[in-house]
Amino acid sequence: MMKISKQTLLTLAIFAIAISCKKTEEAPSQPNTLRNVYKDAFYIGTAVNRFQIEETDSTMAAIVGKEFNSITAENMMKSVHMHPKRDTFNFEIADKFVALGEKYDMFIHGHTLIWHSQLSPWFKTIEDSLEFADVAEKHVKDITTHFKGKIDSWDVVNEALNEDGTLRNSIFLKKMGEDYLASAFKWTAEIDPDVDLYYNDYNMTNVDKRKGAIRMVKNILDQGIKVDGIGMQGHWHLNSPSLEDIEQSIIDYSELGVKVAITELDVSVLPNPWDLEGAEISQNFENSEGMNPYKESLPDSIQVKLANRYKDIFNIFLKHKDKISRVTFWGVSDGQSWLNGFPIRGRTNYPLLFDRDLKPKAAYDSIIALKERFDKQPAN
Ligand code: G3I
């Protein structure tokens, strides 16, 4: 029988102890949540409403905290809420929003500084152009000062473009001319040079609008003013926009040298009234059975279509993860989505990853599985 020396036995024992210690020191494996699975690709965010900010529902609060590592306030940081009167700011709920993000160690996105919609009515009472410009500057600077160092990125300007790529004739354009765009970015950077500054809009995959956005952002950059990123909102449908347009847009925007974020992602499964020739939307379709086909539940076949659509979209995001900073869903669960009320009121839509009972849907499983496959064999 082979003789083992005392020294050898000692060495083996130390080795065995070292291995067992190493095992217990290893971090426990992370649960397969969206934020964990995608953490080496880009931030995965969600829009949150007042109830989610205040964590009123414990199941919902657990989903927000575990699944996402970025948040955007769906409504509470818009001027109508945060700057209700000329000399009054209401930061209470927005401060709670920031505290929520800090609690869960999230990337906190501010939405939005300059937007013609949900604009506080008092803005519209200012006749004089110079006074209007002063007020706009103060609005941007006061808000940015309040959140300096706490907000990681801002939608500085939201939805300034028409579908043909020209500038929307908003109150800001009318009063200040097109300089309002560059000014807004400049004012924000002057106050908080470290925060990331985004231009954010919808239908950003459409060719004309895409060209307009590129022209506009390039014009600001050419003036030596900082723009860090372009936000493609991503309010999409089962069959549109095409995967080619989504991919090409990401490429085109990133060629400006800025980051690309998908800022408000959801996929409507309902008929789109704008697809119908000559359709008059909204009220005309209210109570129309044909426009609200899944009132009781979503058929399995559509559930699968939605899961595949999300898989295809995320496949593109992963392929271009070097260009993408963040992918944010416009809400957590189907019951919360703005798409139940737009463009037709009172419909039952299913655009998000969690159902009305806060259970993950097939779409959720499909993007988790996609990333796990991607880690084994990256997309090409
Ligand atoms: O809070 C009131 C409630 O008290 C009242 O009873 C009810 C009656 O209509 O309205 C409630 O306010 C609604 C608010 O959402 C909260 O649900 C507003 O009417 C409604 O206009 C508002 O809609 C928001 C919309 O922006 C306004 O433009 C949506 O929630 C929000 O998801 C949506 O988000 C926008 C982004 O900011 C920019 N990109 C497009 C995106 C979708 O439209």
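All residue numbers for the sequence shown refer to this note's numbering, where the first residue is 2 and numbers rise by one. C-beta: ideal position from N, C-alpha, C; glycine also.
Secondary structure at residue i, three-state DSSP: helix, strand or coil?
i, result
"phenylalanine 330", "strand"
"leucine 101", "helix"
"aspartate 202", "strand"
"threonine 167", "coil"
"valine 49", "strand"
"tryptophan 116", "coil"
"alanine 42", "coil"
"lysine 322", "coil"
"proline 300", "coil"
"methionine 233", "strand"
"lysine 260", "strand"
"phenylalanine 108", "strand"
"aspartate 180", "helix"
"serine 154", "strand"
"leucine 71", "First, the amino acid is wrong: residue 71 is serine here, not leucine. Residue state, collapsed to three classes: strand."
"asparagine 91", "coil"
"histidine 147", "helix"
"histidine 84", "coil"
"leucine 35", "helix"
"leucine 244", "helix"
"proline 352", "coil"
"proline 274", "helix"
In angstroms, rounded to a whole number, what distance separates the CA positions of residue i and residue j?
i, j, result
"glutamate 373", "tyrosine 39", "9 Å"
"phenylalanine 355", "glutamate 128", "46 Å"
"asparagine 33", "aspartate 366", "10 Å"
"lysine 260", "tyrosine 200", "11 Å"
"valine 270", "tyrosine 351", "6 Å"
"threonine 89", "phenylalanine 98", "19 Å"
"threonine 329", "aspartate 41", "16 Å"
"leucine 239", "leucine 340", "14 Å"
"alanine 19", "asparagine 37", "Its pLDDT being 49, under 50, alanine 19 is placed unreliably by the model, and the measurement read from it follows with that caveat. Approximately 29 Å, taken between the alpha carbons."
"valine 333", "proline 242", "22 Å"
"tyrosine 44", "glycine 102", "13 Å"
"serine 209", "proline 274", "Inspection of the sequence shows that residue 209 is occupied by aspartate rather than by serine. When rounded, the distance between both Cα atoms is 22 Å."
"lysine 306", "proline 272", "14 Å"
"methionine 61", "lysine 149", "29 Å"
"aspartate 229", "glutamate 290", "45 Å"
"serine 184", "valine 141", "10 Å"
"alanine 63", "lysine 86", "35 Å"
"proline 344", "asparagine 293", "12 Å"
"isoleucine 369", "leucine 198", "29 Å"
"serine 298", "asparagine 309", "19 Å"
"histidine 321", "tryptophan 123", "43 Å"
"lysine 362", "aspartate 96", "32 Å"
"histidine 117", "aspartate 376", "42 Å"
"methionine 217", "aspartate 202", "12 Å"
"lysine 324", "tryptophan 188", "26 Å"
"phenylalanine 186", "isoleucine 226", "7 Å"
"leucine 371", "glutamine 119", "37 Å"
"glycine 213", "threonine 145", "27 Å"
"methionine 83", "serine 302", "43 Å"
"threonine 73", "tryptophan 331", "9 Å"
Residue i: buried (16+ other C-beta within 10 angstroms of its C-beta) or exposed?
i, result
"glutamine 234", "buried"
"threonine 167", "exposed"
"arginine 211", "buried"
"threonine 57", "exposed"
"arginine 348", "buried"
"glutamate 68", "buried"
"glutamine 31", "exposed"
"lysine 360", "exposed"
"glutamate 265", "buried"
"alanine 100", "exposed"
"phenylalanine 52", "exposed"
"aspartate 165", "exposed"
"glycine 232", "buried"
"asparagine 70", "buried"
"serine 338", "buried"
"serine 326", "buried"
"isoleucine 263", "buried"
"glycine 46", "buried"
"lysine 296", "exposed"
"aspartate 267", "buried"
"lysine 79", "buried"
Step through the CB atoms of chain D and report whether any lies within less than 7 Å of the CB of residue i.
i, result
"alanine 214", "Among the chains in the structure shown there is no chain D, since it carries only a single protein chain."
- [ ] Decide yes or no for the touch test of the stretch 234–247 against the stretch 310–328: beta carbon pairs closer than 8 Å, at least 3 of them.
- [x] Taking one beta carbon from each stretch, the stretch 234–247 and the stretch 310–328 have 3 or more pairs nearer than 8 Å; the two touch.
Open item on the list: Whether or not the stretch 122–138 and the stretch 154–171 are in contact is what I'm after, with contact meaning three or more pairs of Cβ atoms, one per stretch, closer than 8 Å; do they touch?
Closed with: Counting Cβ pairs under 8 Å, fewer than three are found: no touch.
Open item on the list: Taking 8 Å as the cut-off, does the stretch 111–121 touch the stretch 148–162 (at least 3 CB pairs, one atom from each stretch)?
Closed with: Judged by Cβ distances under 8 Å, the stretch 148–162 makes contact with the stretch 111–121, as three or more pairs qualify.
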